[in-house]
Amino acid sequence: MTKELERKFSQELEKNQSIIHKICRSYTNSEAAHKDLFQEITIQLWRAYPKFRGDSKFSTWMYRVAFNTAISLYRKSKRTVQTTPIYDNLKELQFQDYDETHDKQLDLLYKAIQSLNDIEKALALLYLEDKNYKEIALTLGISEVNARVKMNRTKTKLKNILNP
Amino acid sequence: MEQLEQLKDVWKKQGESEIKFSGEDIYNMLHKKSSSIVKWILIISILEFVLPNLIYLVTDHDASRRIYENYGLTNITMIYTAIHVVFICVFIYIFYKNYKNISAESSVKGLLFDILKTRKTVKYYIYYNLTIAAIIGVHIFYIVFSSEAFLENIPKDINLITIWLIALSLLAIAIFVFWIFYRILYGILLKKLNKNYDNLLKNEC
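Going down the list, the sequences are from chains B and Y.
Here the first sequence stands for residues 1 to 164, numbered as in the working numbering.
Here the second sequence stands for residues 165 to 369, numbered as in the working numbering.
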């Protein structure tokens, strides 16, 4: 039975793994750390899986556990982000430069997110994923008012980083 | 902010991650060991519960009993031991209850709060230990320094106040060193969590 459940969970996670990769890429700055965080998130998801009753969507539930792992549970100093060199690169991402290749824009966007603090990273990701304030407040466990205030600050900060 | 809306397009158009795992890779990950901070908190907390009491195991019990009898400390040490055991049991029960509440499915704030609350139990346990050490220390000094066995053997050129001052200073230094050591350990372990919790609650009404 456990083996069967393990297979079912692995398949479900394989289909939905892109969400976790977005979080891993935002919270780490190397391939090794990315894989390490992915593994820790997978372990935490598997531990919580028996309690997942399907009240929320699998992806929403995954989001919550993945954020919690990245923000609170994961403990590796390797993932400390060096922000200084990033800012030089960011000068290249001016909004008018939209003829740049998509990959480069995406890469710079990730680097901008990486330079935010852990909570702002979560806010930036939730914003980019088009989540509404109610869901953002629920995921973070704060009031909607605070979520709005924090989101505005994060957006301003992100904008300043991208247009230095 | 309109410009930021454009970023959503960049975000949404991103394809599959360069790093990708097969179902088999994920299946193998399920059996790997977690490096979660909660695991470390549990290990360190158990050590903190056990270590202060380990000294009892390495004590020469016969020698201690002789000293207790000599200075009339037998009853008082028994009372303090009984109180201590009750406190340890209460602390361990609260710690276990808080620890069981920790769930990766909580909201970000809920999880941070639960982890910090669990650690707080250990923090209070350490503070309790330091306080009781100070109380017992002073009490035992008082009993010993007023006992005949002690007063008979004290050299005539040494003042009792000097002995009291030396004894209290040594006790204060020992407690202070232990407190500093604990603050550093506590700080290192929870630095990231405290920072994230503060960032999350800023402006919360």
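Cβ coordinates follow ideal geometry from the N, Cα and C atoms, glycine included.
- Look at residue 191(Y): its C-beta is under 8 Å from a C-beta on chain B.
- Rounded to whole angstroms, residue 224(Y) and residue 308(Y) show a C-alpha spacing of 19 Å.
- Taking 7 Å as the Cβ-Cβ cut-off, the region 10 to 24 of chain B approaches chain Y at 10, 11, 13, 14, 17, 18, 21, given in chain order.
- Against chain Y, the beta carbon of residue 107(B) has no neighbour under 9 Å; the closest one sits roughly 10 Å away.
- With distances taken between CA atoms, residue 140(B) lies nearest to 118(B) out of 102(B), 50(B), 118(B).
- Within the region 286 to 321 of chain Y, no complete beta strand (DSSP E) segment of 3 residues or longer occurs.
- For a cut-off of 8 Å, the C-beta gap from residue 181(Y) to residue 14(B) is around 12 Å, too long to register as a contact.
- When DSSP states are grouped into helix, strand and coil, residue 236(Y) belongs to the coil group.
- For the 8 Å CB-CB criterion, residue 353(Y) and residue 68(B) do not form a contact.
- Taking a contact to require three or more Cβ pairs closer than 8 Å, the region 118 to 131 of chain B and the region 18 to 27 of chain B qualify as touching.
- The DSSP-derived three-state label of residue 225(Y) is helix.
- Around the beta carbon of residue 175(Y), 16 or more other beta carbons lie within 10 angstroms, which makes this residue buried.
- Residues of chain B with a Cβ closer than 9 Å to the Cβ of residue 201(Y) are, in chain order, 72, 73, 74, 75.
- According to the DSSP assignment, residue 351(Y) belongs to the alpha helix (DSSP H) that extends over 324 to 365.
- The CB of residue 185(Y) comes closer than 8 Å to the CB of 14, 17, 38 in chain B, given here in chain order.
- Cβ neighbours of residue 251(Y) within its own chain (closer than 7 Å, five residues either side excluded): 292.
- Collapsing the DSSP output to three states places residue 118(B) in a helix.
- Not flagged as an interface residue toward chain Y: residue 54(B), since no C-beta distance is shorter than 8 Å.
- At least one CB atom of chain Y sits nearer than 8 Å to the CB of residue 42(B).
- Secondary structure note for residue 25(B): its alpha helix (DSSP H) is the uninterrupted segment 2 to 27.
- Residues of chain B with a Cβ closer than 7 Å to the Cβ of residue 294(Y) do not exist, since the nearest Cβ in that chain sits about 27 Å away.
- With a beta-carbon spacing of about 6 Å, residue 256(Y) and residue 213(Y) fall inside the 8 Å limit used to define contacts.
- Between residue 232(Y) and residue 311(Y), the CB-CB gap reaches or exceeds 8 Å.
- In the three-state scheme derived from DSSP, where H, G and I count as helix and E and B as strand, residue 163(B) is classed as coil.
- At least 8 Å separates the beta-carbon of residue 43(B) from that of residue 242(Y).
- Counting only Cβ-Cβ distances below 7 Å, residue 279(Y) has contacts in chain B at 72, in chain order.
- Membership of residue 31(B) in the alpha helix (DSSP H) is indicated by the continuous run 31 to 48.
- Sixteen is the threshold: when 16 or more other Cβ atoms of the shown chains lie within 10 Å of the Cβ of residue 33(B), as they do, the residue is buried.
- In the three-state DSSP reduction, residue 107(B) falls in the helix class (H, G or I).
- DSSP, read as helix, strand or coil, puts residue 127(B) in helix.
- The beta carbon of residue 116(B) sits no closer than 8 Å to any beta carbon of chain Y.
- If you check the CB distance, residue 150(B) and residue 27(B) do not come in under 8 Å.
- The beta carbon of residue 294(Y) sits closer than 8 Å to those of 339, 342, 343, all from its chain and outside the five residues before and after it, given in chain order.
- The contact set of residue 264(Y) on chain B, defined by CB atoms closer than 8 Å, is empty, because the minimum CB distance reaches about 13 Å.
- Taking 8 Å as the threshold, the shortest C-beta distance from residue 111(B) to chain Y does not fall below it.
- In terms of CA proximity to residue 286(Y), 261(Y) leads the group 237(Y), 261(Y), 173(Y).
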